[in-house]
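In this note's numbering, the protein residues as written are 372 to 529.
Idealized CB from N, CA, C, for every residue including glycine.
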């Protein structure tokens, strides 16, 4: 864990907000899991308005990505803690994009229904675990250290 000074309550709150982006992006991968366990759907009900706006506005993901990158990560007036967590959320989002390419390839293979469901559920659970861990660490005022991802974040955020 890297210590760059104390974090305030507003810093902790604003450090958690960028993690909404990977949650929204990975939501489509939870389709099979959420269908099998309907009570889990209740956890995502508060996100429905955000999902409708995000998927209703053309290029919303790209606009949000560049806004976070240019206005938060590259702005040294914003605390390192917020910039670190924003960059980490962006990298998790990029990983989801790469998983999207992988799932497109897997769907081309005939008779892979079970494999697709397993892959989707694994991606969903993996990303949700990373996001929940990161948000919990942020709320505690700590830097969330995720192997490989955090190293790349430290290279981008000085």
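Backbone CA spacing between residue i and residue j [nearest angstrom]
i	j	result
residue 382	residue 510	9 Å
residue 451	residue 434	22 Å
residue 515	residue 483	35 Å
residue 444	residue 456	9 Å
residue 380	residue 512	8 Å
residue 479	residue 473	10 Å
residue 373	residue 447	Confidence in residue 373 is poor, its pLDDT being 44 and thus under 50, which makes the residue's placement unreliable; the coordinate value appears in the next sentence. Going from the Cα of residue 373 to the Cα of residue 447 covers about 17 Å.
residue 412	residue 421	15 Å
residue 430	residue 395	14 Å
residue 481	residue 442	44 Å
residue 436	residue 416	24 Å
Span of the alpha helix (DSSP H), counted from its first residue to its last, around residue i
i	result
residue 505	484 to 510
residue 420	419 to 427
residue 431	431 to 439
residue 519	Looking at the DSSP string, residue 519 is not in any alpha helix (DSSP H), and its letter there is neither H nor E.
residue 408	Run containing residue 408: none; DSSP gives neither H nor E here.
residue 396	391 to 397
Integer-rounded CB distance, given that residue j should sit under 8 Å from residue i
i	j	result
residue 507	residue 517	At roughly 12 Å, the Cβ-Cβ gap does not stay under 8 Å, so residue 507 and residue 517 are not in contact.
residue 492	residue 404	5 Å
residue 505	residue 390	6 Å
Beta-carbon proximity of residue i to residue j, cut-off 8 Å
i	j	result
residue 397	residue 485	no
residue 462	residue 523	yes
residue 498	residue 520	no
Option in the options with minimal Cα separation from residue i
i	options	result
residue 465	384, 392, 377 and 490	392
residue 453	521, 421, 412 and 388	388
residue 525	420, 490 and 459	459
residue 378	470, 449, 471 and 528	449
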